Structures are given as structure tokens and as C-alpha cells.
Amino acid sequence: MTHYINTLTKKTGYLSAILALALALLIGYDALMRYLFSAGSIALQEIEWHIFDIVFLFGLSYALKHDKHVRVDIFFASYSKDTKAIVQIFSMLFLLIPFSLYFLNGAYEMTLQSYVQNEVSSDPGGLGYRFVIKAVLFVAFVLLVLQAVAEIIKAYVTLDSKKNLFIALLAIFFFLAFSTLDLAFWIDPLWLMFLLTLFLLMAGFQVAFVFAGVALFFAFISDELGTHVLDMLPYRVYGIMGNVTLMSIPLFILMGLILEKSKMAENLLFSMAKLFGGVRGGLAISVVIVGAILAASTGIVGASVVMMSLIALPLMLKNNYSPELATGSIAASGTLGQIIPPSIVLIVLGDQMHLSVGDLFKAAVVPGLILITLYIIYILIYAYFNKEVAPAISNDEPYGKVVKDALKVIAPPMLLIVAVLGSIFAGVASPTESAAIGVLGALLLAFLNGQFSYALLHYASTETVKLTSMIFMILIGATAFSLVFNELGGDVMAMQFFQEEVGEAWMFILIAMLVIFFLGFFIDFIEIAFVVVPILVPIAHAFGIDPIWFAVLIALNLQASFLTPPFGFALFYLKGAAGDLVTTGQIYRGVLPFIGLQLLALLIIVLFPDLIYLFGK
């Protein structure tokens, strides 16, 4: 059974990967035809968002098969093989499958209604048979349930002892029986919902499935709500499917992964190392500059940190750099993709806060430049007063030749960055159109570097499907969670607390930043953006806070969450790639000054909010 399910999932995953490439080509073609020849097509644009839907929906089961649905692995990483298998079984059995089956019922009714009504596009020249794309939503969750069954079977057969599984099952059934009592008598359902979610996240259950499963559980046991509170969820997900802004996410991810495999980072780093190597701390400065270029061309933190860990760390240690400075500069520079456009964080925040992604991109440029400047100044000062931590490196090549070679390497990615971001800033193209052009540009750079191959396309497209589906599954789970949380009065409670107990905008900003910074120790930026930010947005609006400025503060804060020990994701990426070259303690000590610099950058933007508008509103 698992063989047939895995084969089906693999084929649908490959279909999604092919369609991810097709999506970039179609949007690129559509944009060129409209801007060069004023020849647009509503039908073609609807085909594009249909393809986008298939990419992330059919990718849900594919990502599950490859265990790409993110989890908080603080404790999970140290579990025994049997404990990991039990967590996987429970995640599928009590979280994913119940939610998916309930969702399937609503998706079926939505599809049937569309078919009976012969629903067509509301736009002239649009597509008919709207039930077809709604049926894709239904099929995707059928595939997800099938893959969940396969995961249960695979986890079960790996158990050395079945005894612990049955003991844990018994405990779960006792908990479920107890939960049928009037829980409001014991504890406020909102707090119980929060505590159960936090416990499951810390225990290592997949984040998306925790949000989805907990939402269904509390809707089911609550006397006030009932499961009907989630009846409109398929329609909300269908709204996500038609969101043009979110369509840019898989395209920017695809662009970044193509550049990752084209050896652009490696060539940049070696050129920058020669350019700045003669200065104390020059290698670390090179890492910062390369990190900034990668951030502006890929926006993928994990890829940037891993690439520089593999390439730059051995080079820095070989040249007698302090392990703390080396690891700190790599981790901090790798997270610049959180704030420097085209940041996935900014795209998600734009969607959740109902802001223009182009405006957010423009607003984030100056904070990104401030961070880069602070990093370089710190490295220069630290290396000046501690001469042994970052020695200068001699180079026999004429410096003029070094500069010339560096410009040759820098020019192509910089042209791509200018083309992608410049078209957005100028209002010439939307982020989605610019991302598609960026994919075509990245493919061209890979070809010019002699790296274009089937292996590159396969890797970039399949990884794009996995990462995109992981993000959108969290969004689906977070949407369900927010529905139940708000119906229980969570949004009203938060609003009353800040307006009545706090009552002042600056105190709200301080508390909000502290909450996000604290949560960043434990959970990923995606969960914070999808669950916490929607609660804060109406409160910020009630206080009359500039939403663009507030979004930039959140993005800067979320960037710091990648570095904060002991659970910062960039630290895990670095340690995983570095192996035994450095210790965990050296990594933690190395990132602390850079966390301070990130908080300083946050303070600068708080005190001088007009800085974010230097590139225009």
C-alpha cells in the first residue's frame, strides 16, 4: 500500500515541479506581451493562478512524503527512533487526518455547488468550469490523507517496541475523554488552546498540523462554537488560491534555488575575499557583502547560511579567523534575506497586513542597508582592536586585476537584482511579474556560468514545491486556528488588553516587539506572521500606527529570531553544514554581538521612522 501511495505522491510532486517552471514561463511571457505589445489575456492570467494552485496543493502530500512540513525540533532532534515514530503516528492520526476529513466534506460541497450552478469566471474572457479548480482542492486533500496513512504505516513498522505506542494511545484517549467535560469550568478555553498548541509545537509535531488539528479539536469540544465555525474554511482557502500577491512566493523561491545551484555564491565569495582580504576582517566583510547580494537575489535564509557555511567557514578558519567572528558573520549575513527585498517575510506580511508588497520592499531597503553598515563597522572595529581574530590576507595578484575580476562576477547578479527590484520600485511590474522575470534571468545566469542542466531544474523545481507547500499548509492551518481563536474571543481580549490596560501606542509597540522577539526563540517566522500578526494588525490600526513602518519593525524583529540562541534556525543551519569545524558554544558566542546590532537597527528605525521612506512611499 505504501509503495503505491508513495508512487502516486511522487508523480503528483513531479507534476507540480514541472508546473512551477511552466508558471514562471507563462507569467514572464504574459508580462512581456502586455508591456511590450499591450496584448493581455484574462484567460491566460486565470490559467496562471490555476497552475499556482496545483503547484502548492498537489505539493502538500509531496512535502509530507519528504518530511518537509516544518516542526520545532528543539526536543524532537534528541528523541529516540521509537519516540519520533510515535510522534509521527499521532501527528497523522489525531491532527492531520481528522482535519483533512472534515475539510474534505466542505470542499466537496463547495465543488458540487460550483458544478450545479455552472460557475464561470466573473471577468469577461475568463475561464469557465470553475468547479474544476475547486475540485483540485478536494483531490489535494484526498492525496494528503492517503500520504498520511502511508506515513502511519511507515512509522509503525519502524517501531522496535509497540508497547510504548499503546500506552501513549491510552493516555490520548483518557485526555480526549476528559476534554468532553465542561473545560470552561477548569480553565479559560483560550488559554487552554494556547497551552495545548505550545505543548504540541514544543513536542515536535508539525506546525501546520498542530494549528489545523487544535482548531478542529476546540471547535468540536466548545459548547459556544461547534464545528460549523469552520464551515467557511474551504471558501477561505479558495480565496488564498486566487491571491495574486502570494503567487510570487514560489517564483522567488525558484529564482533563489536556481541561483544557489549556479555557483554564483561561490564565485562571489572568492572574488570578494581577494578584494577585501588585505584588510583586517576583510574575509568577514566579504561574507557580509555576499550575504547581502544573496539576500537581494534569493531571499532564502537556509540556503544562504548553508552555502556560506560550506564555502566561507573553512576558508576563514584556514586563515586563522576567530571561530566566533566567522560563525557570527556567516549566520548574521545569511539572515539578511529576511529584511532585504525580495524577502519572503515581506511578501507574507504584505498579504497578512493588506499592504502593497512593492511599498514594503521600498521601505525595507534602508533598514537592510543600515544592518549591512552596522555589521561592517563592527567587524572593522573588532578586528582593529583584536588583531589576532581576523588577520589580513596577502595576495600577490595586482589589485587592479582583482577589482576587474570582482566586477565581472558582481555585475550579472547585480543586473538581475536591479531588473527585478527596479521594476517593482518603479511600478512597472508587480512582484509576481518581476519574480517570473527573475526566474528567467536566473536561468540565463546559470546557462552563462555553464551550470544549466536537467539536474539543476529538477532540484530547483522540486524543492520549490516542497517549500511552497510547507508555507501554504501553515497558512491553511493558521487560517483555521485564527477562525476558532477569534470566535472564542481572542481578538477582542487582545484589543481590550492593549486599549484598556496599556492604552498607549508606544507601550503597545514595545509589548508587541517583545512578544514577537520572545516567540522567535521557539517558533519560525511563518507561524508568527500567520497567527500573531493578524491579531496585532487591528490593534495597531486602532492606535493609528503607520502600517508600513510597523511591518518593517516586525520584519526586523523576525530576522533577529533566526539568530537568538538556543533555538535560532540559522544556528541549526550553520551547525548542520559546519559539522565538527566549530562547536555550538562558539556559534552562540559569535552571534550575540550581531543580535545586539539587529536590535540597534530596530531601535534606529523606531526613533527615525522617516528613514523607511527615503525610496518613496
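Using my numbering, the first residue of the sequence shown is number 43, and each one after it goes up by one. Every residue, glycine too, gets a C-beta built ideally from N, C-alpha and C. Remember, it's a predicted structure, so these values are computed and weren't measured experimentally.
- Residues ALA315, GLY319, GLY320, GLY324, LEU325 and ASN361 of the same chain have their beta carbon placed closer than 8 Å to that of ILE435, with the five preceding and five following residues left out of the count.
- The way I'd put it, the segment 513–525 does touch the segment 569–580; three or more beta-carbon pairs between them come closer than 8 Å.
- Taking a 10 Å sphere around the C-beta of SER142, we find 16 or more other C-beta atoms and assign the residue as buried.
- Distances from the CA of VAL633 to each of ASP652, PHE604 and ILE647 were compared; the closest alpha carbon is that of PHE604.
- In the three-state reduction of the DSSP assignment, ARG113 falls in the strand class.
- When the Cα atoms are used, LEU509 and ILE209 turn out to be separated by approximately 35 Å.
- In the three-state DSSP reduction, GLN628 falls in the helix class (H, G or I).
- Taking the CA atoms as reference points, VAL444 sits about 28 Å from VAL462.
- For LYS429, no alpha helix (DSSP H) segment is defined, and its DSSP state is neither H nor E.
- Between ILE69 and GLU475 the beta-carbon gap is near 6 Å, inside 8 Å, which marks them as a contact.
- Less than 7 Å separates the beta-carbon of LEU102 from that of ALA182.
- Around ILE331, the same chain offers MET314 as residues with beta carbons nearer than 7 Å, after the five sequence neighbours per side are excluded.
- The alpha-carbon of TYR198 is positioned some 14 Å away from that of MET43.
- Nearest C-alpha to LEU243 among GLY281, ARG113, VAL129 and VAL162: ARG113.
- By a beta-carbon distance limit of 8 Å, ALA338 contacts ILE459. Their separation comes to about 5 Å.
- With contacts defined by Cβ atoms closer than 7 Å, VAL594 and PRO409 form a contacting pair.
- By the Cβ rule, the segment 485–494 does not count as touching the segment 83–92, because fewer than three pairs are nearer than 8 Å.
- The C-beta distance from LEU106 to ALA177 rounds to 21 Å, too long to fall under 8 Å, and the pair is not in contact.
- Assigned with DSSP and collapsed to three states, GLN248 falls in strand.
- The C-alpha of GLN248 lies about 54 Å from the C-alpha of PRO440.
- In its chain, beyond the 5 residues on either side, ASN599, ALA602, SER603 and THR606 have a beta carbon closer than 8 Å to the beta carbon of PHE559.
- Straight across, the Cα-Cα distance linking LEU645 with GLY638 is about 10 Å.
- Going by DSSP, ASN309 is part of the alpha helix (DSSP H) stretching over 306–318.
- At a Cβ-Cβ threshold of 7 Å, LEU355 and ALA368 count as neighbours.
- Distances from the alpha-carbon of SER371 to those of ILE419, ALA497 and LEU397 put ILE419 closest.
- DSSP places LEU623 outside any alpha helix (DSSP H), giving it a letter other than H or E.
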